[in-house]
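The structure appears right after this line, and notes come after that.
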Amino acid sequence: MAQSRWNEHNGRTGQLHFKAIKARITARHYAPHRVKRVSAMPAHLCAITIYPIKSTAPINLSRSAVTATGLAFDRQLVLCNDQGKFLTARTHPALLAVKSALLPNGLLISAPGVEPLRLDYSQLGSQYDEINVWKDQIHARNGGAQAQQWFTDYLQQPCKLYLFDQQSDRPVSGHPDHQVAFADGYPLLLISQASLADLNQRCQSTVLMEQMRPNLVIDQCDTYAEDSWKRIRLGDVEFEVVKPCGRCILTTTDPTTLTRNPGREPLSVLKRYRKGSDGEAHFGQNLIALNSGIVSLNDPLEILETREPEHYQSAP
1 MAQSRWNEHN GRTGQLHFKA IKARITARHY APHRVKRVSA MPAHLCAITI
51 YPIKSTAPIN LSRSAVTATG LAFDRQLVLC NDQGKFLTAR THPALLAVKS
101 ALLPNGLLIS APGVEPLRLD YSQLGSQYDE INVWKDQIHA RNGGAQAQQW
151 FTDYLQQPCK LYLFDQQSDR PVSGHPDHQV AFADGYPLLL ISQASLADLN
201 QRCQSTVLME QMRPNLVIDQ CDTYAEDSWK RIRLGDVEFE VVKPCGRCIL
251 TTTDPTTLTR NPGREPLSVL KRYRKGSDGE AHFGQNLIAL NSGIVSLNDP
301 LEILETREPE HYQSAP
């Protein structure tokens with residue numbers, strides 16, 4: 001059923017076509033995030049976030065299209081070194097200070113100490129290279145000489161910018177009918193406000209939601225309720241909750257100061273009470289979308305199917 005839905009909505013499973021997205025999505029879908037005071041609401045979507053360039057600063061949205069690779073424009077760009085290996089804020093925390101603004105056909109990119117860069121997708125040319133993101137080799141569009149020089153100057157090391165477009169292909173592991181762009185492994189990450197609040201009660205330092213880098217945040221649900229969801233609906237879109245998200249060292253970096261927490265919080269804390277059978281600290285749930293559509297702030301959460309959550313044994 002998921003295959004036929006993608007064929008109906010996208011023409012080819014996993015294809016992210018810029019012209020189709022541009023025709024469908026208007027600037028009103030990407031209005032600045034304005035928080036409304038809502039009392040006694042049921043569980044609902046309270047934040048929608050994209051990261052146009054992998055490992056850089058987020059953009060908070062009031063609504064977004066959901067495409068074959070997740071939220072439109074999310075992690076469609078990635079930086080690579082001169083060997084074609086991807087770069088992230090795990091080793092280059094200065095990337096967290098790189099901000100993007102959506103333009104009709106590209107991005108306006110800014111960072112401390114450098115002049116802004118206007119990236120126009122239509123001017124990128126036709127060069128494609130094979131790059132590596134984790135174990136995946138991806139046919140990606142070269143971002144051009146101007147972007148290469150801008151990021152090389154900013155990071156003080158040779159690097160290139162790459163775009164995941166309609167000629168790129170990266171099936172989701174275990175779900176070959178679904179695509180992921182340059183996110184680590186899955187198209188979307190969901191976290192609840194209640195779960196973050198519980199984590200903060202256990203940590204000595206305040207943990208920001210931005211450190212956890214979700215795409216979708218749910219409010220007014222029980223703590224770790226997302227662990228037991230199997231299929232949900234938000235707005236027009238039905239999602240499959242695939243697996244818990246194993247967290248990495250990036251969660252310990254303050255996105256404002258760009259410094260790592262000396263006690264490695266929250267990762268060290270998560271390992272004490274959320275360590276999975278795979279040995280990783282779990283926080284949040286990875287999703288795939290089963291159809292295209294629009295999600296908006298305050299969309300009610302519909303739980304279509306549940307599952308037995310993973311049981312965690314607290315460390316001594």
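If you're matching positions, the sequence shown starts at 1 in the UniProt record's numbering and goes up one per residue.
C-beta: ideal position from N, C-alpha, C; glycine also.
Please state whether DSSP places residue i in a helix, a strand or coil.
i, result
"residue 244", "strand"
"residue 162", "strand"
"residue 226", "helix"
"residue 90", "coil"
"residue 68", "coil"
"residue 269", "helix"
"residue 319", "Nothing about residue 319 can be reported from this structure: the residues present for the chain run from 1 to 316 only."
"residue 49", "strand"
"residue 130", "strand"
"residue 198", "helix"
"residue 57", "coil"
"residue 238", "strand"
"residue 252", "helix"
Would you tell me roughly how many angstroms separate the C-alpha atoms of residue i and residue j, rounded to the nearest one?
i, j, result
"residue 305", "residue 229", "6 Å"
"residue 113", "residue 151", "12 Å"
"residue 313", "residue 296", "36 Å"
"residue 62", "residue 50", "11 Å"
"residue 166", "residue 223", "39 Å"
"residue 198", "residue 129", "44 Å"
"residue 271", "residue 238", "31 Å"
"residue 155", "residue 59", "21 Å"
"residue 293", "residue 262", "42 Å"
"residue 72", "residue 264", "32 Å"
"residue 44", "residue 207", "22 Å"
"residue 213", "residue 248", "11 Å"
"residue 164", "residue 186", "15 Å"
The beta strand (DSSP E) that contains residue i, what's its start and end?
i, result
"residue 295", "293 to 296"
"residue 285", "282 to 289"
"residue 180", "Taken as a continuous stretch (DSSP letters only), residue 180 belongs to no beta strand (DSSP E), as it is neither H nor E."
"residue 216", "216 to 219"
"residue 137", "136 to 142"
"residue 115", "114 to 120"
"residue 210", "Segment 209 to 212 is the alpha helix (DSSP H) holding residue 210; no beta strand (DSSP E) there."
"residue 203", "Residue 203 -> no beta strand (DSSP E), and no H or E assigned at all."
"residue 106", "106 to 111"
"residue 99", "99 to 103"
"residue 192", "188 to 192"
Near residue i, which residues of its chain fall below 6 Å by C-beta distance, leaving aside the five closest residues on each side in sequence?
i, result
"residue 41", "220"
"residue 47", "217"
"residue 158", "82, 152"
"residue 32", "Note that residue 32 scores 39 on pLDDT, short of 50, meaning its location in the model is unreliable; the coordinates nonetheless yield the value given after this. No residues qualify anywhere along the chain."
"residue 38", "Here residue 38 scores only 38 on pLDDT, less than 50, and its place in the model should not be relied on; the value that follows carries that caveat. Correct list: empty, nothing qualifies."
"residue 183", "75"
"residue 36", "Confidence at residue 36 is low in this model, with a pLDDT of 39, below 50, so the placement of that residue should be treated as unreliable; the coordinate-derived value is given next. None."
Can you list, in chain order, the residues of its chain with a C-beta nearer than 7 Å to that of residue i? Leave out the 5 residues immediately preceding and following it.
i, result
"residue 274", "281, 282, 283, 312"
"residue 245", "189, 282, 283, 284, 285, 286"
"residue 84", "129, 130, 131, 132"
My understanding is that residue i touches residue j, with C-beta atoms under 8 Å, so please give their C-beta distance in whole angstroms.
i, j, result
"residue 124", "residue 142", "7 Å"
"residue 310", "residue 276", "6 Å"
"residue 149", "residue 161", "Contact flag wrong, Cβ pair sits at about 10 Å."
The alpha helix (DSSP H) that contains residue i, what's its start and end?
i, result
"residue 154", "145 to 155"
For residue i, which residues from the same chain have a beta carbon less than 8 Å from its beta carbon, with the 5 sequence-adjacent residues on both sides left out?
i, result
"residue 120", "103, 105, 106"
"residue 96", "55, 56, 57, 89, 253, 255, 258"
"residue 136", "170"
"residue 299", "44, 45, 234, 235"
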